Structures are given as structure tokens and as C-alpha cells.
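Asker: Sharing a structure here in C-alpha cells format.
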Amino acid sequence: MLARIHSGAVLGIDAFQIDVEADITLGFSAFHLVGLPDSAVRESRLRVQSALESLAMTFPRSRRVTINLAPASIRKDGTALDLPIALAILVAQEELSLDQHLPLDRYLIVGELALDGALRPVRGVLPLAVLARDAGFRGVIVPSENAAEAGIVDGIDVLSVPHLRALLAVLQGRRDVDELRHSSSPPPSGCLDDHLDFAQVAGQEAVKRALEIAAAGAHNLLMVGPPGSGKSMLARRLPTILPPMSFEEALQTTRVYSVTGQLQDQGLMSRRPFRAPHHTISDVGLVGGGSGVPRPGELSLAHNGVLFLDEMPEFRRSALEVLRQPLENREVTLTRSMLRVTYPASVMLVAAMNPCRCGHFGDPHRCQCSLEDVKRYRGRLSGPLLDRIDLHIQVPAVPYKKIRSAHRGEPSEAIRLRVEAARQVQLQRFEGTPYHANHQMGPDLLRAHCVADDAGHRLLETAVDHFGLSARSCDRILKVARTIADLAQCPSLTSDHIAEAIQYRGLDHPSRSLQSLSG
-6 MLARIHSGAV LGIDAFQIDV EADITLGFSA FHLVGLPDSA VRESRLRVQS
44 ALESLAMTFP RSRRVTINLA PASIRKDGTA LDLPIALAIL VAQEELSLDQ
94 HLPLDRYLIV GELALDGALR PVRGVLPLAV LARDAGFRGV IVPSENAAEA
144 GIVDGIDVLS VPHLRALLAV LQGRRDVDEL RHSSSPPPSG CLDDHLDFAQ
194 VAGQEAVKRA LEIAAAGAHN LLMVGPPGSG KSMLARRLPT ILPPMSFEEA
244 LQTTRVYSVT GQLQDQGLMS RRPFRAPHHT ISDVGLVGGG SGVPRPGELS
294 LAHNGVLFLD EMPEFRRSAL EVLRQPLENR EVTLTRSMLR VTYPASVMLV
344 AAMNPCRCGH FGDPHRCQCS LEDVKRYRGR LSGPLLDRID LHIQVPAVPY
394 KKIRSAHRGE PSEAIRLRVE AARQVQLQRF EGTPYHANHQ MGPDLLRAHC
444 VADDAGHRLL ETAVDHFGLS ARSCDRILKV ARTIADLAQC PSLTSDHIAE
494 AIQYRGLDHP SRSLQSLSG
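Under the working numbering, the residues of the sequence shown are numbered -6 to 512, in order.
And the structure:
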């Protein structure tokens, strides 16, 4: 008898349907698994056989078994097809019926089988649940640990199965299906970490102002300062002043974590991600890749959040340079000989570095670095990469009086209210476009919304001539100025906005910035 069970697999952050077909006939004992399975899928035969026999179910040892994974032109990987293969074998042996007690043909089914029949979680259940809804299926059958993830999607039935025994009991009428039904997850609420707050940071008011501007316009930011000046402390508090994720942003970010298997037993992500990889990370670890189907890297895991690169010059040059195109396009495209996968990568890049290798440049008692040493150290960051970072911030050491002072700055909540007001202005400005923040503006929108007054143009022209700024740096200055104006709820750009934006381009001319530091 021929049996067909509906399942699915993930490519990128989207899912596609897989039909698991089983045909069991008389003949020499054989088990054929076709349809471009990888090694993990081929090994499912042993897991399925052990699971069925542990439950006293029949595995066709003495017959010819053919399992086809359609469409056969797409490579399948992972262990999510264990459960549908087991069910297809049972239906093909007429030990189960497709429509008795539970209509299996109306569900997408995924799950990894343990040798005793227990179900283990799999990757990519959220995209599979979206596929089930869009394709008109009644619902999905998933391992219990994936149920909260699948429950994010409204309009489908989610059956949470801890063990193959429980599912067989429902299919055979010995248990009510409502016992396996999972309720939907509530929408996300809140995005803040209660343990982090800008009020905890002593001093650094100018740096906090720059971080507020960066948050308001989703601008990339680089902080330069000696060890202990608070660069990492400030960066880790940046998410507390970012606006909460919308439902669509939360859904897309959750899908990225779903395909990497990092959701564990949680539903929709409510906090903006903050990723801080170590500087020894490889190119693949940072932007994604790997053998087989390419997986997302830290850049995509930070989607709609913050990617923090501490000690940025210590990262591999190749890893930093590969960031350039994704920072512009807000997505990562990974290409193999017969495969092309795109992952979203709309991030705020926040980086930190010392002014020199030892970190104490300008202090004659602690730093022995020459100007050439400093140039060589800073030269690890290429001009095209620095051009893509909107704000370059000097972070000075905090005086002892500031550290001991009882006075603290504004709390994150107060800053976030101003950021949200500026973001609301930008949402209205970009209504009807795919953009939502000033950092994302292209040339057309830049010309339309970043028109400075005559004094502002003269000031910008002087800065370009004096510092030798590139055209991209000029665009960055205008975008940052537009954000400064939005924070002030000012509809037009003035020379004051341009002047403040220019001061955040301190690394565009290394020789001048070194002279200012050493002087």
C-alpha cells in the first residue's frame, strides 16, 4: 500500500512542503530512502525502527520498503522527518488510518524520534507553522518542546506530542485529541532588561547623547576610548533605550532563532537581541555559512537588535570586510553551487576599540606607542568599513569625582521616550516604503528629506574640504543630522544639526584625529 504524510523543511527562514511517501511491497528485504536526503535523514531508518519496535509496532524487516521525500530536487537535512517517516510506514502497513480519529492528511508533521519513541525538538518549527497556515492545513503536529514556538501562529491547530505512544493513542482512539492540543502564545510584552539602566553609568553625558541619536535613527556607532571608560557598559545598555519590537519584527527575529534551534521552550521573542561575539570568531560564525545548507551567523541572530563588536581591530580583517555589503543591504546572501539562501540582517552595529594597542594613547607615563604604531593599529579598520559607521565617538576616562558622585544621569525610560517620539516621526515620513529609520534612507529619500539651509550647506562644504570626507561620509552626516532634528521635533535641517553631526565623524581623517589626541 502507498501512504503519504505531509511534512516540511526549512530553507533560509522560509519553509517548503515535503511529502513523505512510503511504499511497502513483497520482495527481498531492503530499505530505500530517496529524495536527496543528507546523512542525518538517512540515519532515520535506525531511529524509526528502534522506536516502533520499542512500542511493539511492526517494522517491515522482511519486505521491500521505499521512502520518497518529494520534491526530490531539493536536498533535505536534519532529523525533523523521523516522525512522518514512522507514520508513513505504519499507514502503508495498514496499522493506522489517515482519517480515523485524527485526519493526518490535514496536518504538517515534524519531529525527531529517540530510540524509545520519545519526541525531541527540531529546528524551524515557526516557519513550518506559517507554511501550514498559508497552505490551508488544519494544523501541525510537533514535539512538546516546540509547541510554544508553533503556537505563535494564529489560525492553526497545534498538537503537542511528548512521545510517539501518545500520538498513536489518539490515532487509535484510546485518547482524546484535546489532551494534545496546545493553546496559542500571548503577544510579546516589554523588551527591557530590568537589571540594566543608563542611570547606572557615571558621567559620559556626551557619549549618552550620541547613543540616543544612534538609537533614534538606527545608526551604526563606533566608540573609541581607553580601557575602563565604560564602552562595553554603555553598549550593553543600548537596547534599553530602543523602541519595543513590533509584532512583525518579533516574528521575523523569532524565525531566525527558530531555524538555528535556539528558541528552546519559548514562544515569540519579546526582547531585541543583543549579540556580542568574541573577536576570535570566524567569517562563517559572523555572517553565516557552513557545509550543507548555510546557517545564519551572529549578524542575522542580531536582526532587529544590536551587534556589538568589542575590541573591533582585534577581529579578523576578512570577517570585518565581509560585513560591508550586509550592513548596506540589511541581508546576507549565502551561495553554494546549487543553493542560494538569504537571511535578514537589519542590525545596529555598535563597536568599541582602544585608541591604540595598549589603550592609553596620549598618556606619556603609560603608553609607549608611537604615532606609526597607532596608525597601524587603527589601519586594521578599512576606510570603506568606517564609512558605513555613522557615528565615531570619543569615550574619555571618567574622573574620580564623577565615579564617586551620588548624581546619576537620566534613566533609560526617559531617554527611550524621546527615541520613540523620533522614531514615530520617521515612521510617518517613510509611510508606504519598506524603511522605518533614517539610517536606511537611500539617495532619493536623502535628497527629499535631508535638505539643509544655506548655512548648513556652507558648513558641510567646509568640513568636506578640510577633512577630505567621502561622498558616503557626507550622506552619513546628513542622515545623522536628520535624526538630531527629529529628536528636537524640528521639520527642517539647520546648521546646528549639521555641526553636531560633523563632530561624530572623528575617524574620517586619521592623521588629524591623531594630532588632536596627541596635542
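Where a beta carbon is used, it is the ideal one built from N, C-alpha and C, also for glycine. Note that this is a predicted model, so its numbers are computed, not measured.
Could you tell me the boundaries of the alpha helix (DSSP H) in which Arg381 lies?
Answerer: It is not in any alpha helix (DSSP H) - Arg381 carries neither H nor E in the DSSP assignment.
Asker: Anyone know if the C-beta pair for Ala474 and His450 falls short of 8 Å?
Answerer: No, they are not a contact pair.
Asker: Would you decide whether Val530 is buried or exposed? Buried here means 16 or more other CB atoms lie within 10 Å of its CB.
Answerer: Given that the chain is displayed from residue -6 to residue 512, the structure contains no residue 530 and the question cannot be resolved.
Asker: Can you name the residues that DSSP bridges to Asp7?
Answerer: Leu4
Asker: In or out: Ile(-2) buried (at least 16 other Cβ within 10 Å) or exposed?
Answerer: Its Cβ being crowded by 16 or more others within 10 Å, Ile(-2) is buried.
Asker: Have a look at Glu307 and Arg268 and give me their C-alpha separation to the nearest angstrom.
Answerer: 17 Å
Asker: Expressed to the nearest angstrom, what Euclidean distance is found between the alpha-carbon atoms of Gly355 and Glu365?
Answerer: 14 Å
Asker: Taking all protein chains shown into account, do 16 or more other C-beta atoms lie within 10 angstroms of the C-beta of Leu500, making it buried, or fewer, making it exposed?
Answerer: buried
Asker: On the CB-based measure, 16 or more other CB atoms within 10 Å of its CB, does Ile396 come out buried or exposed?
Answerer: exposed
Asker: The beta strand (DSSP E) spanning Asp150 covers which residue range?
Answerer: Asp150 to Val154
Asker: For Ala63, tell me which candidate among Leu29, Ser90 and His94 has the shortest Cα-Cα distance.
Answerer: The residue from Leu29, Ser90 and His94 with its alpha-carbon nearest to that of Ala63 is Leu29.
Asker: Can you check DSSP and say which residues form a bridge with Arg333?
Answerer: Thr328
Asker: Among the residues of its own chain, which have a CB less than 6 Å from the CB of Leu80, if the five just before and after it don't count?
Answerer: Ile(-2)
Asker: When the Cα atoms are used, what is the spatial distance from His94 to Ser153?
Answerer: 16 Å
Asker: Do the CB positions of Arg381 and Arg309 come within less than 8 Å of each other?
Answerer: no
Asker: Which residue marks the beginning of the beta strand (DSSP E) containing Met226, and which one marks its end?
Answerer: Here Met226 belongs to no beta strand (DSSP E); instead the alpha helix (DSSP H) covers Lys224 to Arg229.
Asker: At the level of alpha carbons, what is the spacing between Arg99 and Ser0?
Answerer: 11 Å
Asker: For a minimum of 4 consecutive residues, which ranges assigned as the alpha helix (DSSP H) are wholly contained in the segment 57 to 140?
Answerer: 75 to 85 and 118 to 127
Asker: For Phe52, count the other beta carbons within 10 Å of its own beta carbon; 16 or more makes it buried, fewer makes it exposed. Which is it?
Answerer: buried
Asker: What's the C-alpha gap between Asn297 and Gln433?
Answerer: 13 Å
Asker: Quick check on the burial criterion: 16 or more other C-beta atoms within 10 angstroms. Buried or exposed for Phe130?
Answerer: buried
Asker: Start and end of the beta strand (DSSP E) containing Phe301?
Answerer: Val299 to Leu302
Asker: Let me make sure I understand the geometry here. Which of Ser176, Leu227, Pro220 and Asn213 has the alpha-carbon closest to that of Gln197?
Answerer: Leu227
Asker: When the Cα atoms are used, what is the spatial distance from Gly290 to Arg333?
Answerer: 15 Å
Asker: Between Leu231 and Val170, what straight-line distance do the alpha-carbon atoms span, to the nearest angstrom?
Answerer: 46 Å
Asker: Measure from the alpha carbon of Pro155 to the alpha carbon of each residue in Val286, Ile6 and Ser137, then state which is nearest.
Answerer: Distances from the CA of Pro155 to each of Val286, Ile6 and Ser137 were compared; the closest alpha carbon is that of Ser137.
Asker: List the whole-angstrom C-beta distance separating Val194 from Gln387, where the pair is believed to meet the contact cut-off of C-beta under 8 Å.
Answerer: No, Val194 and Gln387 are not in contact; Cβ-Cβ is about 16 Å, not under 8 Å.
Asker: Please classify Ala8 as buried or exposed, where buried requires at least 16 neighbouring CB atoms within 10 angstroms.
Answerer: Classification of Ala8: buried, given that the 10 Å Cβ count is 16 or more.
Asker: Taking 7 Å as the cut-off, is the C-beta of Leu332 nearer than that to any heavy atom in the ligand NAD?
Answerer: The ligand NAD is absent from the structure shown, which contains no ligands of any kind.
Asker: In whole angstroms, give me the CA-to-CA distance for Arg409 and Cys360.
Answerer: 38 Å
Asker: So for Val391, helix, strand or coil by DSSP?
Answerer: In this structure, Val391 counts as coil in the three-state DSSP scheme.
Asker: With a 10 Å radius around its C-beta and 16 neighbouring C-beta atoms as the bar for buried, classify Gly183 as buried or exposed.
Answerer: Caution is warranted here: a pLDDT of 47 is assigned to Gly183, below 50, making its placement in the model unreliable, and no coordinate value can be reported.
Asker: Tell me which same chain residues have a C-beta within less than 8 Å of the C-beta of Arg288, skipping the five on either side of it?
Answerer: Val252, Thr253, Gly281 and Gly282
Asker: Could you give the residue range of the beta strand (DSSP E) that holds Phe24?
Answerer: Ala23 to Val27
Asker: Could you check where the beta strand (DSSP E) with Val343 kicks off and where it finishes?
Answerer: Note, Val343: beta strand (DSSP E), Met341 to Met346.
Asker: Is it buried or exposed for Asn431, if we count other Cβ within 10 angstroms and need 16 for buried?
Answerer: The residue in question, Asn431, is buried, as its Cβ has 16 or more Cβ neighbours within 10 Å.
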